[in-house]
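In my numbering, the protein residues as written are 36 to 74.
Positions of the beta carbon are idealized from the N, C-alpha and C atoms, including for glycine.
All values reported here derive from a predicted model rather than from experimental measurement.
A quick write-up on the structure given underneath.
Here is the structure:
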């Protein structure tokens, strides 16, 4: 189904973006990170 394929592609894109964000945060000093924490 087209909807299932679209949702799967969006999920893959979300995973890739999350990985890129995690890598970017690893390269940022602790002082530059946002103070708000979700956990």
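Residue i versus residue j - alpha carbon distance
i          : j          : result
residue 48 : residue 61 : 20 Å
residue 46 : residue 38 : 12 Å
residue 64 : residue 56 : 14 Å
residue 53 : residue 43 : 15 Å
Simplified DSSP assignment, three categories, for residue i
i          : result
residue 63 : coil
Close beta carbons around residue i, own chain, < 7 Å, minus the five adjacent residues each side
i          : result
residue 50 : none
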